[in-house]
Amino acid sequence: MIAHGPLTLKVRSAEPLGHSLKRLVLEAADGGPLPSAGAGGHIQLRLKGPTRGWRNAYSLTSPPDARDHYAIIVRRVSQSRGGSAFVHEAVGAGTIVEAGMPNNFFAVSNVARKHLLVSGGIGLTPFLSYLEQFRQRGSPFELHHLCRAEDMPVFARLLEPFGARSIHLHPTRRGFDLAALLARQPLGTHLYTCGPHSLMDQVLSTASDLGWPASKRHAESFGETAVGGAPFHVLLARSGIEIAVGPEQSLLEALEAAGIDAPCLCRGGACGECRLPLLEGVADHRDDFLSAEEHAAGKLILTCVSRAKGPRLVIDL
Amino acid sequence: MGLIFKPTETFRGDFSYRNSDAALLRFPFPFPEDAYMYAVNIEPHVRGGPTAAYDHVFDVDEHYIAECHERALVLEQDPLRCQVLPHMITAEWDTLELIMESLATDYPAQFSLAREGDRWTWVNRPLGITQAFTFGDAATLPCGPFEYITRQAQGDFTIQDQRDDNLFMDGGMVTTQADWSLHVDLGMAFHEWHGPVPLAHPIGVFDRALKYLLRLQYGRPVRRLNWTMTINPRLDTSPENYPVWGPDRTTITPDNVADKVHLRVELQTLFRLPRSNGVLFGIRCYLASVRELARVPKYARRLHRVLRDLPPEIIDYKGLTRFRPMVIDWLAPFDDGAPLASGTAPEIDAL
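Heads up: the sequence lines are chains A and B, in that order. Residue numbers for the first sequence follow UniProt numbering, beginning at 1 and rising by one. Residue numbers for the second sequence follow UniProt numbering, beginning at 1 and rising by one.
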């Protein structure tokens, strides 16, 4: 497809799973097919509460080949920014939500001979779509899931369709010998981990210590997009126009929204077409175009990806 | 849209390929400035651009049937022009889905796709094909899914696997290439297959392009143009067939230069593929003779200036050394030296 805008989705069903999990099944509001998504992919929901909004990313737990629906599982987080509580309290069948296109920072390796999955808690969600793909293709895998004892029945039910032989549930980290597990894997195995940072760090560092190459260690990493951050203002020195740059907007997008004809090409920080002289303020450089020396000198900024480290920038435009 | 195909034109033998006036006005001319140098000239692949060639996901034009026929001839002689490594099977299906969906949406009079679950029916009216198959089951197609759909598309395609913070060319359908070989490059990483390009490595073009492409997002395809020059409207200028087309360069004279020398433009598109997380690279080739291009005043002037001032390394790398002076001499009378607006639009509505 050609460059594609946000998706408008309708909640087909909303179902509680245990005490803190809720599964949403979403379909295209217009009834048409949804864009294909890969195993490990996620969508960003744009939730609109009465007083504020959230953009939260959720792993897709639906089968990768499904085009008629997406499924996600949302855990209610006690110290959250409120997005998960909003989903639990205010989102039900029939609710319309906007979402970004599916994206994937946690794709399954196409060259792995075996897949070893280690998850903790809600970190199981990306692996549910993996398991569907492994089942369809007959790919060898082994999954170890750690969770609290009271959540065991919920996760056991989610994993039930995928066969007991390769799936292991651990109600506690005691008795789970991570080093032994990693040490006995055949060559060609790829390792994937998703869950609390403490677990992921332990899995990755243990694997590293045992000699697993970086190319065979994978962890979920949400939010690697260049866009977004604290809002700031930009003053255009030649015209005297001052423009607000929102938290979800790029500097270039803010210029364009204000009707400024700003230079640009790749919109990804690679080509350098949009670079402008920076007269005042400190840039948060996120581009690949300028050299380390140019970043340090602070005299140039690429408007398509870079932002401000303070409240205000002055650029020569 | 009213697409009138030219099914009998040829890209070999009598070389009967020509551009209609409409085709010439939609030609994706590659030079926005009077001087040319390598750059990361990548932009989002949105609908619309300087000419109508940018209006669709995959551009189909009057040469469609003839190009598909030419591809079949090349594959008959050399099946190795299409190769896909086994771990790319998911990327093959991703490609088939993307091309079928895009063509059916953009050209409903020519192509249609009906889906009932995994049971798909594809209709390609220009080529007279109706194919029922099961999506995901390669045994229900006459050949692999990538070969199947790229036999029905203009231009070359490669599929890249993303791993180790790199892109690997692990499959392709390459029958219309400008002197490079899929058989040589298969399995290579990004910097390896770009190895022969002069000047661009030291200025970091490929480092930046790779970083950008590793972040390429699904639903946000990008595009760029590339170019070279070819003698005769020949699509298959492969290293494998160098003995066939290489000697053509020695046949250029001041009398035939305008008709034999063609500007060869590649409208290159890059798509993140959803299931495989691979990258599809489309290389759509357009050919126009120097005489055809000179009918557009802006193109005549700009092509003259670009060729006149090309760096020597690029002249040699693109194989222009022998005939470039004759092209410049032929174009010189069209160039009054007046300043030209930047950009590539033809700036005329009719010829």
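No residue lacks a Cβ here, since even glycine has one placed at the ideal position from N, Cα and C.
Beta-carbon proximity list for residue i, same chain, < 7 angstroms, skipping 5 on both sides
i	result
D55 (chain B)	R47, G48
P126 (chain A)	G40, S59, F106, C194, E220
A226 (chain A)	Below a pLDDT of 50, predicted positions are generally treated as unreliable, and A226 (chain A), at 47, falls in that range; the measurement from the model is reported next regardless. Excluding residues within five positions, the ones whose Cβ falls inside 7 angstroms are G269, R286, V305.
T90 (chain B)	R275, S276
G281 (chain A)	A308, G310, R312, L313, V314
Cβ shell of residue i (< 6 angstroms), same chain only, five flanking positions each side left out
i	result
C271 (chain A)	L265
G223 (chain A)	Bear in mind that a pLDDT of 43 at G223 (chain A), under 50, signals an unreliable position, so the number given afterwards is only what the model happens to contain. So the list is empty, once near-sequence residues are dropped.
E15 (chain A)	R23
C147 (chain A)	G121, F155
L80 (chain B)	H183
S119 (chain A)	F127, H145, C194, G195
According to DSSP, residues forming a beta bridge with residue i
i	result
H145 (chain A)	A:S119, A:L169
W227 (chain B)	B:V265
S59 (chain A)	A:H42
D161 (chain B)	B:F168
P233 (chain B)	Note: P233 (chain B) sits in no beta bridge, so no partner.
T90 (chain B)	Bridge partners of T90 (chain B): none, in fact.
C82 (chain B)	B:M173
F232 (chain A)	A:V245
W330 (chain B)	Note: W330 (chain B) sits in no beta bridge, so no partner.
E43 (chain B)	B:R223
H218 (chain A)	A:Y192
P35 (chain A)	None, per the DSSP bridge assignment.
D284 (chain A)	A:R307
P213 (chain A)	Its beta-bridge partners do not exist; DSSP assigns none.
V123 (chain B)	B:S112, B:T130
Neighbourhood of residue i by C-beta, 8 angstroms cutoff - its chain only, sequence neighbours within 5 removed
i	result
D284 (chain A)	G229, S306, R307, A308, K309
L307 (chain B)	L320, R324, V327, I328, L331
H69 (chain B)	P7
Y107 (chain B)	M1, L3, H56, V60
P254 (chain B)	M326, D329, W330
G49 (chain A)	G82, F86, A90
A237 (chain A)	L279, V314, I315, D316, L317
Per-residue burial, residue i [other beta carbons within 10 Å of its own, 16 or more giving buried]
i	result
A72 (chain B)	exposed
A33 (chain A)	Here residue 33 (chain A) turns out to be Pro, not Ala, going by the sequence shown. Its Cβ having fewer than 16 others within 10 Å, P33 (chain A) is exposed.
Q77 (chain B)	exposed
R75 (chain A)	buried
D261 (chain A)	exposed
H197 (chain A)	exposed
S20 (chain A)	buried
Y218 (chain B)	buried
I61 (chain A)	With the sequence shown as reference, residue 61 (chain A) is identified as Thr, and Ile is not the correct amino acid for it. Result: buried.
D209 (chain A)	exposed
G123 (chain A)	buried
G83 (chain A)	buried
L9 (chain A)	buried
N124 (chain B)	buried
V87 (chain A)	buried
R184 (chain A)	exposed
N256 (chain B)	exposed
I203 (chain B)	exposed
Q268 (chain B)	buried
V244 (chain B)	exposed
P277 (chain A)	exposed
D160 (chain A)	The residue asked about is misnamed: residue 160 (chain A) is Glu in this sequence, not Asp. By the neighbour-count rule (16 or more Cβ atoms within 10 Å), E160 (chain A) is not buried but exposed.
T189 (chain A)	buried
L302 (chain A)	buried
I283 (chain B)	buried
Presumed contact (8 angstroms Cβ cut-off) between residue i and residue j, rounded CB distance
i	j	result
T228 (chain B)	K318 (chain B)	5 angstroms
G278 (chain B)	D61 (chain B)	No, G278 (chain B) and D61 (chain B) are not in contact; Cβ-Cβ is about 27 angstroms, not under 8 angstroms.
S276 (chain B)	G38 (chain A)	7 angstroms
T344 (chain B)	P50 (chain B)	5 angstroms
S13 (chain A)	A93 (chain A)	6 angstroms
Residue i: CB within 6 angstroms of a non-hydrogen atom of the ligand GDP
i	result
T230 (chain B)	Among the components modelled here there is no ligand, and therefore nothing to report on the ligand GDP.
Are the region 16-24 of chain B and the region 285-303 of chain B touching by the rule of at least three beta carbon pairs closer than 8 angstroms? Touching, yes.
Does the structure place the region 138-146 of chain B close enough to the region 184-192 of chain B that three or more beta carbon pairs sit under 8 angstroms? no
Inter-stretch contact at 8 angstroms, needing at least 3 Cβ pairs: the region 130-137 of chain B / the region 168-182 of chain B: no
Cβ contact check for the region 255-265 of chain B and the region 280-289 of chain B: 3 or more pairs under 8 angstroms: yes
How about the region 230-242 of chain A and the region 143-157 of chain A: do they share at least three Cβ pairs that are nearer than 8 angstroms? no
Hey, is the region 33-40 of chain B in contact with the region 113-127 of chain B, meaning 3+ C-beta pairs nearer than 8 angstroms? no
Given 8 angstroms as the limit, is there contact between the region 193-200 of chain B and the region 240-259 of chain A, that is, 3 or more CB pairs closer than that? Counting Cβ pairs under 8 angstroms, fewer than three are found: no touch.
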